[in-house]
Amino acid sequence: MNTTKRNPKSGFSLESLGSLILQVGVLFAVLGVAYLLFANTQKNLEIRGIESGFAFLWHEAGLPIGDSLIDYDPSRGYGYAFLVGVLNTLLVSALAIVLSTILGIVVGVSRVSNNWLLAKCATVYIETLRNLPLLLTLFFVYTVVLASLPHPREAIAIAEGYYISKRGIYLPRPLAEDGFAVFAAASIVALGLAFAFWRWAGAYKLRTGRSVHGFWGGLVILGTLCALSFLATDRPIGSEMPVYKGFNFKGGLALKPEFAALLIGLMLYTAAFIGENVRSGIQSVHAGQIEAANALGVSQGVVTRIVLLPQALRVTIPATTNDYASLVKNSSLAVAIGYPDMVSIGGTIIGQNGQAIEIIAMWMAVYLTINLVISLAMNVLNARVQIVER
Amino acid sequence: MRNSTKIAAVAVATLAGASTATAGTLEDVRAAGELACGVSEGVPGFSNPNSDGLWEGLDADICRAVAAAVLGDSNAVRFVPLASKQKVLAVSSGQVDMTSRTTTWTMKRDSAEGVDFTAVVFYDGQGFMTSAAAGISSATELNEATVCLTTGTTTELNLADFARANGLTLEPVVFEGKREAVEAYASGRCDALTTDSSQLAAFRAGFADPSEHTILPDVISKEPLAPLVAHGDNQWKDIVTWVVYGLITAEELGVTQANVADVAANSGNPAVQRMLGASGDTGGFIGLETSWMVDVLSAVGNYGEIYDRNLTSTLGLERGVNAQWTEGGLLYAMPIR
Ligand SMILES: N[C@@H](CCC(=O)N[C@@H](CS)C(=O)NCC(=O)O)C(=O)O
Chain A
1 MNTTKRNPKS
11 GFSLESLGSL
21 ILQVGVLFAV
31 LGVAYLLFAN
41 TQKNLEIRGI
51 ESGFAFLWHE
61 AGLPIGDSLI
71 DYDPSRGYGY
81 AFLVGVLNTL
91 LVSALAIVLS
101 TILGIVVGVS
111 RVSNNWLLAK
121 CATVYIETLR
131 NLPLLLTLFF
141 VYTVVLASLP
151 HPREAIAIAE
161 GYYISKRGIY
171 LPRPLAEDGF
181 AVFAAASIVA
191 LGLAFAFWRW
201 AGAYKLRTGR
211 SVHGFWGGLV
221 ILGTLCALSF
231 LATDRPIGSE
241 MPVYKGFNFK
251 GGLALKPEFA
261 ALLIGLMLYT
271 AAFIGENVRS
281 GIQSVHAGQI
291 EAANALGVSQ
301 GVVTRIVLLP
311 QALRVTIPAT
321 TNDYASLVKN
331 SSLAVAIGYP
341 DMVSIGGTII
351 GQNGQAIEII
361 AMWMAVYLTI
371 NLVISLAMNV
381 LNARVQIVER
Chain B
391 MRNSTKIAAV
401 AVATLAGAST
411 ATAGTLEDVR
421 AAGELACGVS
431 EGVPGFSNPN
441 SDGLWEGLDA
451 DICRAVAAAV
461 LGDSNAVRFV
471 PLASKQKVLA
481 VSSGQVDMTS
491 RTTTWTMKRD
501 SAEGVDFTAV
511 VFYDGQGFMT
521 SAAAGISSAT
531 ELNEATVCLT
541 TGTTTELNLA
551 DFARANGLTL
561 EPVVFEGKRE
571 AVEAYASGRC
581 DALTTDSSQL
591 AAFRAGFADP
601 SEHTILPDVI
611 SKEPLAPLVA
621 HGDNQWKDIV
631 TWVVYGLITA
641 EELGVTQANV
651 ADVAANSGNP
661 AVQRMLGASG
671 DTGGFIGLET
681 SWMVDVLSAV
691 GNYGEIYDRN
701 LTSTLGLERG
711 VNAQWTEGGL
721 LYAMPIR
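Protein sequence lines, in the order shown, are assigned to chains A and B.
Taking this note's numbering, the leading residue of the first sequence gets 1, the next gets one more, and so forth.
Taking this note's numbering, the leading residue of the second sequence gets 391, the next gets one more, and so forth.
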């Protein structure tokens, strides 16, 4: 930033010329070494008759994959199989981020709670989970907890259509029936109306000083309209029930044990770190401020929303960004318990095809992209919630 | 667990590195004074560490035979356990000098993945194991079943082919290591476990009650298992190849661990004389000592002895197709002359 403000002419001196030459020299050296490595790799690959390049992505993969979000069969290409892995990585990471955030907030708030028992439990949780290697937690969830569930034949039925067994958790799959389009449209309109009401309530309060319950009012509008359109279209959402047939449950929505174990493991582990971030965020706010706000007779909710959170989040969010990034990278432990994430499938492709360099480059590109997106999003969030320093 | 990532990194580093000796493995092994030999992470009968940490099994003995031929010392082996998906990469990147690890000879591996296969040491085929209680008698009855297996194998490719060819839907659960796959099957996560049949027999024998598990009669693939070496070092490939042929030929000619010294000195059979260096110098063809096969046989015995010791006496595996060609089997070693 400074250099741009400086007068370019005054910046020219013998000293800066020397440093320029040095920098160019270093740049060339780095590029030279990179080129040498590249050329050498190409040569060694050629000597050994190993292919290089990305053409293999279109070759038939022939791999069986057990858990896929998109239609996959072994006649698809390696590239498509890798995509299946990327989507699985994204799914498990996204869900784990949401769940660990919720659990982390609960744990962090409990830790500073005045309830002695609650605070102690939260402390024990945080200390245990943070100090156990994630791999151990994963193995525990996968081989001890999930594997001790009954065989699907004797599955635990929570309710009609909800089953838990060592083959996974099976739920009814929601299906769009006749009239779903109408219902969906009506719901969107309801959401719009609710939002408009909420905005209006805010504006009304500013104008008149009288407060209307904008949030709750909006919720009531949304709920009522949705319920009405649901009844009017005569049950637009049906469900496909899982049924036990032959070897396994069929139909319904399945959470495979590998996926469940990874999700639970990542959630438990990361929540401990987020809990700590939340605690330190809360404790970073000077107690005097809260006391002062309380003394003014402001309601507890407003104190939390207006005084506590903006300052606490300033501490919590940056630390949590790091934890999200670690979570995404930790999801590669999937390979240990047989969940087909991007690293697991990529590793299989290396094993089947021998082109390690290309796959490693693809892993790096995907992780880098995901983590850049996360930190970008978190920076935007951070900028929005931060109190503006005056 | 993260081994595969690590090994991929090693592979990339070696491939990028300046001095990767493609030729000259023999010199490298001699200079190191030991043979780095890739084996499995523990498959009874093939390569499995015993309670003293000593590697046992047919594949492990092949490593010892090569070490005996090259270094004159069958104990000069550094065993490197490899998960399935590392086995080819570990060889092509030079992390090990050879791999002797239930690895199927396929065209792609042999031609496009930087390795060469040497000689088949075991003819296997892929099968399925299910719990006896499931009452299944053929693999084609496995429609909709969950199947445990390991990644980076021909096993996973064959399974996909088999399902496609027979119009079956199989739900695979694919693990990186053999231990996880077997444990998942044993815990009931899967209805079936699939891998090479001989390994199924070994795993079954290791269960608390083997009679609870059945190996289905179907054999869905050809799995010729052979040691592999890096592509491009013909001398080294010759050495490993001819050590295997030597082991097989010795059985054919009746030379055993017990009688090798005596036969080397006294046999009148020209074929035996040639192999054991009493006449001519077959070892010299491949850059080894004249006594190469004497060293090998006095260390590990011939193929039949290795097979009996590791597969028949412990696991009860019959010779089957792995009998000598003269006995109606497939073992047919090229002539040593
Ligand atoms: N013949 C197969 C490999 C069969 C095989 O080795 N399978 C498993 C047994 S389930 C294995 O040994 N896994 C690796 C380990 O030792 O962890 C191939 O060449 O791909």
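Positions of the beta carbon are idealized from the N, C-alpha and C atoms, including for glycine.
On a predicted model such as this, the values are computed, not experimentally measured, just so you know.
**Item:** Minimum Cβ-Cβ distance from Asn330 of chain A to chain B less than 8 Å
**Value:** No, no contact with chain B.
**Item:** Limits of the beta strand (DSSP E) - the one that Ile605 of chain B falls within
**Value:** 603 to 605
**Boundaries (first-last residue) of the beta strand (DSSP E) holding Gly168 of chain A** = Gly168 of chain A -> beta strand (DSSP E) spans 168 to 171.
**Residue range of the unbroken alpha helix (DSSP H) whose run includes Glu566 of chain B** = In this chain, Glu566 of chain B is not harboured by any alpha helix (DSSP H), its DSSP state being neither H nor E.
**Prompt:** Comparing alpha-carbon positions, which option in A:Thr101, A:Leu99, A:Tyr72 lies nearest Leu87 of chain A?
**Reply:** A:Tyr72
**Message:** Comparing C-alpha positions only, which one of B:Ser577, B:Ala654, B:Ile676 sits nearest to Ala668 of chain B?
**Reply:** B:Ala654
**Asked** Helix, strand or coil: which one does DSSP assign to Thr494 of chain B?
**Response** strand
**Asked** In this structure, what does DSSP give as the bridge partners for Glu717 of chain B?
**Response** Answer by DSSP bridge pairing: none, since Glu717 of chain B is not bridged.
**Contacts of Pro562 of chain B in chain A (Cβ-Cβ under 8 Å)** = Pro64, Ile65, Gly66
**Asked** What distance in whole Å lies between the Cβ atoms of Thr508 of chain B and Val634 of chain B, which are believed to be in contact at a cut-off of 8 Å?
**Response** 6 Å
**Item:** Alpha carbon of Asn712 of chain B to alpha carbon of Val467 of chain B, nearest angstrom
**Value:** 26 Å
**Asked** Do you know how far the Cα of Val662 of chain B is from the Cα of Leu687 of chain B?
**Response** For Leu687 of chain B and Val662 of chain B, the distance between alpha carbons rounds to 12 Å.
**Message:** I need the straight-line Cα distance from Gly462 of chain B to Phe593 of chain B, nearest angstrom please.
**Reply:** 34 Å
**Asked** In chain order, what residues of the segment 145 to 177 of chain A put their CB closer than 8 Å to some CB of chain B?
**Response** Ala147, His151, Lys166, Arg167
**Asked** Say the cut is 7 Å; is the CB of Leu705 of chain B nearer than that to a heavy atom of ligand 1?
**Response** no
**Message:** Quick check: what's the CA-CA separation for Ala356 of chain A versus Ile350 of chain A?
**Reply:** 5 Å
**Request:** Using 10 angstroms around the beta-carbon of Tyr35 of chain A, count the other beta-carbons present and answer buried if the total reaches 16, otherwise exposed.
**Result:** exposed
**Request:** Count the C-beta pairs between the segment 517 to 528 of chain B and the segment 639 to 656 of chain B that are closer than 8 Å, then say yes if the count reaches three, no if not.
**Result:** no
**Prompt:** Using a Cβ-Cβ cut-off of 8 Å (strictly less than) and excluding sequence neighbours within five positions of Leu539 of chain B, which residues of its own chain qualify?
**Reply:** Thr545, Glu546, Leu549, Pro562, Val563, Val564, Phe565, Ala571, Leu583, Thr584, Thr585
**Met362 of chain A - partner residues in DSSP beta bridges** = In the DSSP secondary-structure assignment, Met362 of chain A is not bridged to any residue.
**Asked** Hey, is Leu479 of chain B close to ligand 1, as in C-beta under 7 Å from one of its heavy atoms?
**Response** no
**Item:** Proximal chain A residues relative to His621 of chain B, where beta-carbon distance stays under 9 Å
**Value:** Ile47, Arg48, Gly49, Ile50
**Message:** Quick test of your reading: Ala426 of chain B and Val511 of chain B, contact by CB under 8 Å. State the CB separation rounded to the nearest angstrom.
**Reply:** Actually they are not in contact, since the Cβ atoms of Ala426 of chain B and Val511 of chain B sit about 19 Å apart, beyond 8 Å.
**Asked** Shorter than 8 Å from the beta carbon of Val429 of chain B to some beta carbon of chain A?
**Response** Closer than 8 Å to the CB of Val429 of chain B there is not a single CB belonging to chain A.
**Message:** Using the three-state DSSP reduction, which class does Glu597 of chain B fall into: helix, strand or coil?
**Reply:** In the sequence as presented, Glu is not what sits at residue 597 of chain B; that position holds Phe. In this structure, Phe597 of chain B counts as coil in the three-state DSSP scheme.
**Prompt:** Got a sec? Which residues, its chain only, sit under 8 Å from Gln42 of chain A by beta carbon, not counting five neighbours each side?
**Reply:** Answer for Gln42 of chain A: Ser52, listed in chain order.
**Request:** Below 8 Å between beta carbons is the criterion; list the residues of the segment 348 to 376 of chain A that meet it against any residue of chain C, in chain order.
**Result:** This model lacks chain C altogether, as its protein chains are A and B.
**Prompt:** From Gly192 of chain A to Ala336 of chain A, what does the alpha carbon distance come to, in whole angstroms?
**Reply:** 46 Å
**Message:** What would DSSP say about Cys538 of chain B, mapped onto helix, strand or coil?
**Reply:** strand
**Prompt:** Ala595 of chain B CB to nearest chain A CB: under 8 Å?
**Reply:** no
**Item:** Any non-hydrogen atom of ligand 1 within 7 Å of Glu446 of chain B CB
**Value:** Taking the Cβ of Glu446 of chain B as the reference point, every heavy atom of ligand 1 lies at 7 Å or farther away.
**Message:** Taking the straight line between their C-alpha atoms, what separation do you get for Arg210 of chain A and Thr304 of chain A?
**Reply:** Their Cα atoms are separated by approximately 21 Å.
**Asked** In the segment 239 to 255 of chain A, which residues sit with their C-beta less than 8 Å from some C-beta in chain B, listed in chain order?
**Response** Lys245, Gly246, Phe247, Asn248, Lys250
**Coil, strand or helix - Thr584 of chain B by DSSP** = strand
**Asked** In angstroms, rounded to a whole number, what distance separates the CA positions of Met362 of chain A and Gly18 of chain A?
**Response** 39 Å
**Request:** Whole angstroms is fine: what's the gap from Trp445 of chain B's alpha carbon to Ser587 of chain B's?
**Result:** 21 Å
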